[in-house]
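Residue numbers (our numbering), protein chains in the order written: chain A, 9 to 298; chain B, 7 to 357.
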């Protein structure tokens, strides 16, 4: 922690960056912090409650943050995948951000939880994580902690969904999606949802029904998850932001599995790795085209 | 205000006697959470559990509803409005912050235009509030001038006492509800027990935030361009989840949906001032360009614009916005910061 605070203070004092995006203690657990004064760097913390993916704040549309100046951002290895995604998709230049990576021993499901990591409290995305030792960084901090306990609940849910008949699966999703109020919080919290104008907001033609009926909700979520195929970094900020607690991460995990099976691609922290939607490859399977 | 005693059996009979009763029940997807949902028997209700995830708003202003349907014929356009009468319903164990919110929102729903759909449901509903016991550090009802025992918006307010509930009858509607059931005169012991419980509940939230001081609305208006709006809004994602769960946020959007070439419906859908789209004009201009302007709007509307127009703060301190925020925005902290600035400003100017 001291290492992080000292580095942040130095980067700010030297003028290498004008703001450090990190984590601080808030009224309900750990929350995002925007440190612009080196004297305030002591507010920064890093522990298992640092659930949030701060790469979301690097979205160039967020003018009130862009105006602060060049940022340094504190990331876990998994969050770095979003930075790689933003660079890969030409949203930010790699050199426009200083990446401070922290070696990670897993995080909790929610930043306000104050529990030890267990098979129930650990975030589902930490299971099988291959990015605990970050690879995309300008500075790397800490020692590598032991891996966290595995929370397999998400994979169990996926297995349960796969066993269902299509009618049962539709019933499950209709039950979940009937609660959606089309607030689009999932989109706003997502580091990879950066479109200047979302298809959901196109009125001419109106692709997506704007009313939160089951019809509109299905269309919205389906559109979003397909648009995230091979782009989603599985940070589950969408699920955490959802005021209706819809298990949106199931979509993300499912579609990531499909992309890996079909295209041999997994969201990664290498900005140069070509993502399936961004390349033309004659190797792509086409047996489904009849 | 009369006070009666209701046994658990009396309350069970009351639930059984009504066709539609809404109460907090355990959430299907998370046993630690509750949702307001229709119940069949008193045993279905989750007592003393967490504050329901969503407020009562959706039972009066659903996330989406049809206002009218239309059909184009050779003669012209046929318009069919939806009926504004609602089926009678009882809300049991309403949280006082949710019950109060309905009365606060009544003001705007009867301003310039009377919203018959809202009032149809309001008139058809009897609200039985319950002394709140599910408060946490984000509850700021006391700062707003309400409290865990506030009778506002309830027709009857219940306080758990030994063997049942002390029922404070607040409105004629509440009187009518209890006239059908075997409620008896409350004993002095029950009255004393209830008062002690109310006092204890009030103490639990009183220190969560400073009370809104006089002149706060005016200070907010005068400080529309204060730099604090920019720094406070940094972590806000502009996702609008706060508005969805807020019992007093009531803005809606109206859309026409063509079902076929010659017929369709006009709907209204929940909307939120936290999104860029809310103020985006057809020309492409957006008067609220950035998130700091949108965040400022939320606070100004709740604590300055609405109070000036209707004499009411557009917040009942339920704390849901803090609990649901993915960015860690916290209303009690924000108000604390703004109040401190307002006090400093008042001292600085010698007021």
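Ideal Cβ positions, reconstructed from N, Cα and C, are used throughout, including at glycine.
At a beta-carbon threshold of 7 Å, the residues of chain B lying near residue 189(A) are 69, 250, 276, ordered along the chain. The beta carbon of residue 43(B) sits closer than 6 Å to those of 31, all from its chain and outside the five residues before and after it, given in chain order.
DSSP, reduced to helix, strand and coil, places residue 235(B) within a helical segment of the structure shown. In the three-state DSSP reduction, residue 241(A) falls in the coil class, being neither helix nor strand. At a Cβ-Cβ threshold of 8 Å, residue 185(A) and residue 254(A) count as neighbours. Residue 148(A) and residue 272(A) have their C-alpha atoms roughly 29 Å apart. Between residue 119(A) and residue 26(A), the alpha-carbon positions lie close to 26 Å from each other.
With 16 or more neighbouring CB atoms inside 10 Å of its own CB, residue 252(A) falls in the buried class.
Within the DSSP secondary-structure output, residue 119(B) pairs in a beta bridge with 117(B).
The DSSP-derived three-state label of residue 88(A) is helix. Under the three-state reduction of DSSP, residue 294(B) is assigned to coil, being neither helix nor strand. For residue 172(A), the number of other beta carbons within 10 angstroms of its own is below 16, and it is reported as exposed.
Contact check for residue 196(A) and residue 245(B): beta-carbon distance about 4 Å, within the 8 Å limit, so the pair qualifies. Assigned with DSSP and collapsed to three states, residue 174(B) falls in strand.
Residue 192(A): not part of any alpha helix (DSSP H); DSSP gives it neither H nor E. Pairwise C-beta distances place the segment 257-266 of chain A out of contact with the segment 342-350 of chain B, as fewer than three of them are shorter than 8 Å.
In this structure, DSSP gives residue 296(A) a state outside helix and strand, which the three-state scheme calls coil.
Chain-ordered, the chain A residues with CB closer than 7 Å to the CB of residue 240(B) read 42, 72, 73. Not a single CB atom of chain B sits nearer than 8 Å to the CB of residue 235(A). By a beta-carbon distance limit of 8 Å, residue 107(A) does not contact residue 279(A). Their separation comes to about 11 Å. Cα atoms of residue 309(B) and residue 273(B): separation of roughly 29 Å, rounded to the nearest angstrom. Residue 90(A) is classed as buried because its beta carbon has at least 16 other beta carbons within 10 Å across all chains shown. DSSP places residue 275(B) in the strand class (E or B) of the three-state scheme. Any Cβ of chain B closer than 8 Å to the Cβ of residue 197(A) would place that residue at the interface, and such an atom is present. Considering only 62(A), 40(A), 182(A), the residue with the shortest C-alpha distance to residue 225(A) is 182(A). Closest option to residue 190(B), judged by alpha-carbon separation, among 282(B), 209(B), 204(B), 170(B): 170(B). For the segment 225-270 of chain B, the continuous alpha helix (DSSP H) assignments of 4+ residues that do not extend past its boundaries occur at 234-238, 247-251, in sequence order. Counting every other CB atom within 10 Å of its CB across the protein chains shown gives residue 318(B) a total of 16 or more, marking it as buried.
Per DSSP, reduced to three states, the secondary structure at residue 164(A) is helical.
Chain B places a beta carbon closer than 8 Å to that of residue 209(A), counting this residue as a contact.
Look at the segment 118-137 of chain B: it has no residue with a C-beta under 7 Å from a C-beta of chain A. The Cβ-Cβ distance between residue 240(A) and residue 193(A) does not fall below 8 Å. Residue nearest to residue 166(A) within the set 104(A), 132(A), 156(A) is 132(A) (criterion: CA-CA distance). Under the DSSP assignment, residue 42(B) falls in the beta strand (DSSP E) whose first and last residues are 40-45. One alpha carbon belongs to residue 157(A), the other to residue 127(A), and they sit about 5 Å apart. From the listed residues 63(A), 14(A), 18(A), the smallest Cα separation to residue 84(A) is found for 63(A).
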